[in-house]
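Read the structure below first, then the notes.
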Amino acid sequence: MSVGLHSVQEPEPEMVLEVEDLYTEIYLRRRVVHAVDGVSLSIRAGETLGIVGESGCGKSMTAMSIMQLLPPGGHITGGSVRLGGVDLLSLPESEMRKRRGSDIGMIFQDPLTSLNPTMTIGAQIAEAVHLHRDVSRAKAMDRAVEVLDMVGIAQARKRIEDYPHQFSGGMRQRVVIAIALACEPRLLIADEPTTALDVTIQAQILDLIERLRRELGMAVMLVTHDLGVIAGHADRVSVVYAGRVVENAGTDDLFARPQHRYTQALFNAMPERAGDSGESLLNIPGLPPDLSLPQTGCRFAARCQFAQSDCRASYPPLEEVAGSRSPGHRFACFHPVGKTAPIELVRTRFAERNNVEPVTLLQVEHLEKDFPITHGVLQRKIGAVSAVADVSFGVSRGRTFGLVGESGCGKTTTGRLLCGLDLPTNGVVRVEGADVARWKGKEGRRRRRSVQFMFQDSYASLDPRMRIGSILREPLEIQGIGNRRSQEKTVRELLGSVGLPYGARERYAHELSGGQRQRVGLARALALEPSLIVADEPVSALDVSVQAQILNLMRELQNTRDVTYVLISHDLGVVRYLSDTIGVMYLGKLVEIGPADDVYLHPAHPYTHGLIEAIPGVDPSRERQAVPVLGELPSAANPPSGCRFRTRCPFAQEICALEEPVLEPTGTAGHRVACHFPLKTGGPSPIRYRRT
Numbered sequence: 001m002s003v004g005l006h007s008v009q010e011p012e013p014e015m016v017l018e019v020e021d022l023y024t025e026i027y028l029r030r031r032v033v034h035a036v037d038g039v040s041l042s043i044r045a046g047e048t049l050g051i052v053g054e055s056g057c058g059k060s061m062t063a064m065s066i067m068q069l070l071p072p073g074g075h076i077t078g079g080s081v082r083l084g085g086v087d088l089l090s091l092p093e094s095e096m097r098k099r100r101g102s103d104i105g106m107i108f109q110d111p112l113t114s115l116n117p118t119m120t121i122g123a124q125i126a127e128a129v130h131l132h133r134d135v136s137r138a139k140a141m142d143r144a145v146e147v148l149d150m151v152g153i154a155q156a157r158k159r160i161e162d163y164p165h166q167f168s169g170g171m172r173q174r175v176v177i178a179i180a181l182a183c184e185p186r187l188l189i190a191d192e193p194t195t196a197l198d199v200t201i202q203a204q205i206l207d208l209i210e211r212l213r214r215e216l217g218m219a220v221m222l223v224t225h226d227l228g229v230i231a232g233h234a235d236r237v238s239v240v241y242a243g244r245v246v247e248n249a250g251t252d253d254l255f256a257r258p259q260h261r262y263t264q265a266l267f268n269a270m271p272e273r274a275g276d277s278g279e280s281l282l283n284i285p286g287l288p289p290d291l292s293l294p295q296t297g298c299r300f301a302a303r304c305q306f307a308q309s310d311c312r313a314s315y316p317p318l319e320e321v322a323g324s325r326s327p328g329h330r331f332a333c334f335h336p337v338g339k340t341a342p343i344e345l346v347r348t349r350f351a352e353r354n355n356v357e358p359v360t361l362l363q364v365e366h367l368e369k370d371f372p373i374t375h376g377v378l379q380r381k382i383g384a385v386s387a388v389a390d391v392s393f394g395v396s397r398g399r400t401f402g403l404v405g406e407s408g409c410g411k412t413t414t415g416r417l418l419c420g421l422d423l424p425t426n427g428v429v430r431v432e433g434a435d436v437a438r439w440k441g442k443e444g445r446r447r448r449r450s451v452q453f454m455f456q457d458s459y460a461s462l463d464p465r466m467r468i469g470s471i472l473r474e475p476l477e478i479q480g481i482g483n484r485r486s487q488e489k490t491v492r493e494l495l496g497s498v499g500l501p502y503g504a505r506e507r508y509a510h511e512l513s514g515g516q517r518q519r520v521g522l523a524r525a526l527a528l529e530p531s532l533i534v535a536d537e538p539v540s541a542l543d544v545s546v547q548a549q550i551l552n553l554m555r556e557l558q559n560t561r562d563v564t565y566v567l568i569s570h571d572l573g574v575v576r577y578l579s580d581t582i583g584v585m586y587l588g589k590l591v592e593i594g595p596a597d598d599v600y601l602h603p604a605h606p607y608t609h610g611l612i613e614a615i616p617g618v619d620p621s622r623e624r625q626a627v628p629v630l631g632e633l634p635s636a637a638n639p640p641s642g643c644r645f646r647t648r649c650p651f652a653q654e655i656c657a658l659e660e661p662v663l664e665p666t667g668t669a670g671h672r673v674a675c676h677f678p679l680k681t682g683g684p685s686p687i688r689y690r691r692t
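Residue 525 in UniProt numbering sits at position 525 of the sequence shown, with consecutive numbering throughout.
This is how it looks when you write it as structure tokens:
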């Protein structure tokens with residue numbers, strides 16, 4: 001009797017989460033917001049599902065509905081949420097409390113506000129274990145040490161006694177992950193886990209979540225507004241718009257063949273799509289619809305260049321993509337990508353730079369800034385933090401200098417020194433030949449009009465008690481420029497120049513979106529017609545669509561007003577799009593400087609290369625291979641000897657610890673690097689960092 005040989009097919013992993021036709025409404029005083037409108041999704045064990053869309057599209061509300069952690073007035077009005085076959089919506093609140101933190105873990109967006117500042121790190125992790133597991137407090141603390149070590153916190157036994165403010169942003173996010181994993185949940189929901197983090201720390205956090213997902217076999221829901229974030233970290237993607245899923249596909253298939261016009265628009269808004277073409281980023285006009293109003297037709301129709309009458313008449317159903325390489329690729333669009341005659345996208349080409357000999361507007365020479373470390377009641381100085389160490393560069397009028405690096409490397413301190421908000425320990429900053437540190441008295445106040453600072457947090461930098469019109473008029477009043485009528489005219493012109501209606505002058509900061517507040521911050525910086533604007537992370541944490549609008553606006557204003565920018569950012573992709581020259585900063589020092597395209601395409605310093613590797617891109621295969629610089633930034637109070645980057649550099653040798661490298665030419669005009677073993681320039685980089 002012969003026995004046939006048959007290939008044994010491995011069974012599919014179990015279905016952990018099944019959401020079907022979920023409806024969530026938020027009841028306000030005079031209206032009802034239909035925040036989640038018929039969302040269906042599923043995740044298997046060991047799988048990551050990416051949820052992508054702009055702010056206000058229902059991503060986080062879907063996650064909070066699964067957890068049943070809705071805001072006041074929030075109610076789930078339809079559908080089902082099954083975890084391991086159990087309908088969570090049918091459980092009483094007492095039973096649901098047992099599921100949260102035990103079967104479902106959640107990583108919240110802001111680690112600082114989600115941690116209790118009055119409790120030690122160990123106590124906060126142990127609390128979750130003690131609540132959900134029948135163990136003693138000592139055993140719970142042992143588990144806290146175990147999970148802290150699992151998420152990569154060095155000396156975990158010692159660090160459990162620390163408080164949240166003693167941890168860096170990346171370390172706090174690891175603590176939040178440790179709390180979410182403490183009871184080994186079957187489902188992990190990560191809601192914007194890397195928003196506003198450095199690209200290097202962001203990549204480390206995403207790699208950590210992916211490693212833990214593989215090791216623990218969890219199902220992961222990764223919520224983000226950035227398609228690049230999920231490129232190498234999700235198996236499937238659901239694109240959400242206005243409370244509905246508009247496209248659902250495997251990650252590779254979605255990135256290779258997006259079908260919905262909204263998905264296509266999100267891709268086109270990414271800075272890397274503009275490259276060195278000199279073209280503007282594609283704006284997505286308008287805003288998502290008001291979900292408290294009745295909706296008819298496709299909800300993206302009002303913002304879509306391809307919309308036709310049928311789009312406004314009825315909502316398109318989710319349909320399978322014909323011939324898809326990824327089973328289950330579905331989209332809700334009557335006129336998808338590839339089926340409609342091409343329409344010229346609203347993308348403009350910025351004016352070419354004139355050939356006039358550039359005039360240096362800003363000159364920085366051997367700039368240094370040390371902050372004293374004090375101790376005791378008498379505040380005795382016991383050391384110093386070397387925030388900026390011997391930095392020199394120049395910027396021509398009407399050009400942009402991009403200053404890039406991780407948080408804590410001295411970028412913002414440098415920006416404050418440029419504006420005279422801080423005084424240097426050594427060195428000089430000259431604007432139009434005048435030393436900024438010597439701007440004092442009435443003449444100094446007049447000169448300060450020429451340099452303005454655009455703050456990173458647009459909400460915190462706007463007075464919540466003042467209307468927008470008063471905020472924009474205030475610098476004119478302080479400087480004694482014009483009368484009330486002329487100031488109102490200037491406010492109208494400023495609002496128009498940044499794309500805001502004149503009616504916005506009557507609104508308060510909290511009544512504006514993040515992108516609108518950032519436009520107000522830019523308008524305020526322009527109010528005194530400065531020659532130099534220092535923009536500190538102007539698009540950090542913004543949706544890619546809003547980011548594109550702000551970056552395009554800054555370029556347009558530069559062309560029309562001949563304004564000079566110093567752009568501070570941790571994202572080299574953003575910096576490359578707007579900058580003529582890029583300076584890469586590490587632990588207070590410039591390690592590389594040169595023309596923007598040359599630094600981006602042919603980095604000479606290993607640190608620069610690592611920053612580029614960390615940029616979330618649109619190629620999933622590349623994202624799965626490359627990782628950024630590893631490890632944490634050393635303390636600026638005790639920087640490494642020699643090359644400050646050597647403790648994280650894969651090429652460091654003995655000379656790197658003994659001798660500090662100086663900026664030397666790479667062979668390309670204007671391109672200099674401070675490295676004993678620079679990477680090959682003028683061609684493909686000879687190295688790639690590899691995941692372990």
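For each residue, glycine too, the CB sits at the ideal point set by N, CA and C.
Distance, residue j Cα to residue i Cα
i, j, result
"G85", "L291", "31 angstroms"
"I121", "E184", "18 angstroms"
"F677", "F651", "7 angstroms"
"D571", "D198", "7 angstroms"
"T296", "S450", "50 angstroms"
"D103", "M218", "10 angstroms"
"D110", "K59", "16 angstroms"
"D422", "L367", "12 angstroms"
"E443", "G410", "29 angstroms"
"L361", "F453", "16 angstroms"
"I550", "R213", "36 angstroms"
"Y23", "I179", "29 angstroms"
"E279", "G53", "24 angstroms"
"V673", "T251", "37 angstroms"
"A123", "M67", "23 angstroms"
"Q202", "E477", "42 angstroms"
"P13", "R137", "35 angstroms"
"L281", "N483", "39 angstroms"
In DSSP terms, what residue i is bridged to
i, result
"T224", "V52"
"P11", "The partner list for P11 (beta bridge, DSSP) is empty, contrary to what the question assumes."
"Q363", "G394 and R430"
"D435", "R430"
"Q452", "I533"
"F306", "Per DSSP, none; premise fails for F306."
"G250", "R236"
"L590", "M585"
"S569", "V404"
"E320", "R330"
Beta-carbon gap between residue i and residue j smaller than 7 angstroms
i, j, result
"G588", "A437", "no"
"T413", "A384", "no"
"I533", "Y565", "yes"
"V364", "F393", "yes"
"A509", "L472", "no"
"A35", "D191", "no"
"P246", "V239", "The residue you asked about is not Pro; residue 246 is Val in the sequence shown. Yes, these two residues count as a Cβ contact at 7 angstroms."
"V498", "A535", "no"
"I582", "V563", "no"
Given residue i as reference, the closest of the options once Cα atoms are compared
i, options, result
"T516", "V151, V239, Y459 and A669", "Contrary to the premise, residue 516 reads as Gln rather than Thr in this sequence. For Q516, the nearest C-alpha among the options comes from Y459."
"H335", "P327, G328, P316 and N283", "P316"
"D21", "T77, V673 and R446", "T77"
"R159", "V145, G170, M150 and V151", "V145"
"Q518", "L500, R257, R29 and G243", "L500"
"Y262", "G250, A302, E95 and G74", "A302"
"residue 694", "A265, G631 and P11", "Outside the shown range of the chain (1 to 692) lies residue 694, about which nothing can therefore be said."
"N116", "Y163, V520 and P271", "Y163"
"residue 693", "G573, C656 and R561", "Summary: the structure shown does not reach residue 693, with the chain confined to residues 1 through 692, and so no result is reported for it."
Only counting runs of 4 or more residues, tell me where the alpha helix (DSSP H) segments fall wholly within the region 45-109, in order along the chain. 59-67 and 93-99
Return the chain-ordered ranges of every alpha helix (DSSP H) run that is complete within the region 107-188 and spans a minimum of 4 residues. 111-114, 121-132, 137-150, 156-159 and 169-181
I'd like the ranges of any alpha helix (DSSP H) spanning at least 4 consecutive residues and lying wholly in the region 633-669. 654-658
Taking only runs of the beta strand (DSSP E) that begin and end inside the region 372-419, which ones reach a length of at least 3 residues, in chain order? 380-396 and 400-404
Start-end ranges of the alpha helix (DSSP H) lying completely within the region 503-562, minimum 4 residues: 514-526 and 544-561
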